[in-house]
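Participant: Quick note, the sequences are listed as chains A and B, same order.
Position in the first sequence (first residue = 1) + 5 = our numbering.
Position in the second sequence (first residue = 1) + 3 = our numbering.
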Amino acid sequence: KQEVTQIPAALSVPEGENLVLNCSFTDSAIYNLQWFRQDPGKGLTSLLLIQSSQREQTSGRLNASLDKSSGRSTLYIAASQPGDSATYLCAVSGGRKGGSEKLVFGKGTKLTVNP
Amino acid sequence: ETGVTQTPRHLVMGMTNKKSLKCEQHLGHNAMYWYKQSAKKPLELMFVYSLEERVENNSVPSRFSPECPNSSHLFLHLHTLQPEDSALYLCASSQAHQGSYYGYTFGSGTRLTVV
């Protein structure tokens, strides 16, 4: 059974710092990995999707890497801003049926960026 | 309206009530999902529909009953709920085409409180 772990559970940094969020998964046979952001009481916003054949994806100040063999992914946030404060969730594909993709989520890392 | 829309945003119901959650996607996706998010726990997959056919039922109690009348709409019918069912219920959709997957889009969720 696939399990996803995110470390740390919470992180507080001053504005401007570069930071790394970690995600690990137990079964390396995944199709893809997706990073999401969730603001309090809200739904999830997709940040980056890495297909199993890729090693990294970049969007603005965000960079996500994937190492399938070691079961790890990192989300790098450059020059953090208070608006980056949110919970960041990592999810890996847990199987496909028809046109659907089942995701398995970690518990998330709660990030606070202080002005 | 674009994206994935969930209604209502908040719902308080007694244990003997019957209510329904609604999800609508305007993205032309071919799969839809219900997830449950409880405090301190990872998102839990409840149901998956692919091309309007239920392809996953993740051992969810029968007091939760999904319905997918067409590819754009998904409902979660609730009856005789328990206080521990209080959570954020998230709907998502995704698109797969010729073996490629393009990621999930989530709605904002329905915050359910059972009293």
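For glycine and all other residues, C-beta sits at the position ideal for the given N, C-alpha and C.
Computed from a prediction, not measured in an experiment: that's the story for all the values here.
According to the neighbour-count rule (16 or more other Cβ atoms, all chains shown, within 10 Å of its Cβ), is Ser-41 of chain B buried or exposed?
Facilitator: By the 10 Å Cβ count, Ser-41 of chain B comes out exposed.
Participant: Mind checking who Ile-12 of chain A pairs with in its DSSP beta bridge?
Facilitator: Answer is A:Asn-27.
Participant: With a threshold of 7 Å between beta carbons, is Leu-46 of chain B in contact with chain A?
Facilitator: For Leu-46 of chain B, the answer is yes, since a Cβ of chain A falls inside 7 Å of its Cβ.
Participant: By the 8 Å beta-carbon criterion, what residues does the stretch 41–62 of chain A contribute toward chain B?
Facilitator: Result list: Phe-41, Gly-46, Lys-47, Gly-48, Leu-49, Thr-50, Ser-51, Leu-54, Gln-56.
Participant: Start and end of the beta strand (DSSP E) containing Ile-55 of chain A?
Facilitator: 49–56 is the extent of the beta strand (DSSP E) around Ile-55 of chain A.
Participant: Give the interface partners of Gln-7 of chain A over in chain B, defined as CB-CB distance under 9 Å, in chain order.
Facilitator: The contacting residues do not exist; Gln-7 of chain A stays about 11 Å from chain B at best.
Participant: Which residues in chain B have a C-beta closer than 7 Å to the C-beta of Tyr-36 of chain A? List them in chain order.
Facilitator: Near Tyr-36 of chain A (Cβ distances below 7 Å), the residues of chain B are Tyr-104.
Participant: Assuming contact is defined by CB atoms lying nearer than 7 Å, are Val-25 of chain A and Tyr-81 of chain A in contact in what I supplied?
Facilitator: Cβ atoms of Val-25 of chain A and Tyr-81 of chain A: closer than 7 Å.
Participant: So Gln-56 of chain A and Ala-91 of chain A are supposed to be a Cβ contact under 8 Å. How far apart are they, rounded?
Facilitator: The pair is not a contact, with the Cβ atoms about 24 Å apart (cut-off 8 Å).
Participant: Just curious, the beta strand (DSSP E) that Leu-54 of chain B is in, first and last residue?
Facilitator: Run containing Leu-54 of chain B: none; DSSP gives neither H nor E here.
Participant: Classify Asn-73 of chain B: buried if its beta carbon has 16 or more other beta carbons within 10 angstroms, exposed otherwise.
Facilitator: With fewer than 16 Cβ atoms within 10 Å of its Cβ, Asn-73 of chain B is classed as exposed.
Participant: For Tyr-36 of chain A, which residues from the same chain have a beta carbon less than 6 Å from its beta carbon, with the 5 sequence-adjacent residues on both sides left out?
Facilitator: Contacts found: Ser-57, Ser-98.
Participant: State the DSSP-derived secondary structure class of Asp-88 of chain B, mapped to helix, strand or coil.
Facilitator: It is helical.
Participant: How is the beta strand (DSSP E) around Lys-107 of chain A delimited, first residue to last?
Facilitator: Per DSSP, Lys-107 of chain A belongs to the beta strand (DSSP E) from 105–110.
Participant: Pick out whichever of B:Ser-97, B:Phe-109, B:Leu-81 has its Cα sitting closest to the Cα of Met-18 of chain B.
Facilitator: The shortest C-alpha separation from Met-18 of chain B is found at B:Leu-81.
Participant: Could you pull out every residue in the same chain whose Cβ sits closer than 7 Å to the Cβ of Gln-86 of chain A, ignoring the five residues on either side in sequence?
Facilitator: These residues qualify, in order along the chain: Glu-20, Val-118.
Participant: Closest to Leu-115 of chain B by CA distance: which of A:Trp-40, A:Lys-47, A:Leu-38 is it?
Facilitator: When only C-alpha atoms are compared, the closest one is A:Lys-47.
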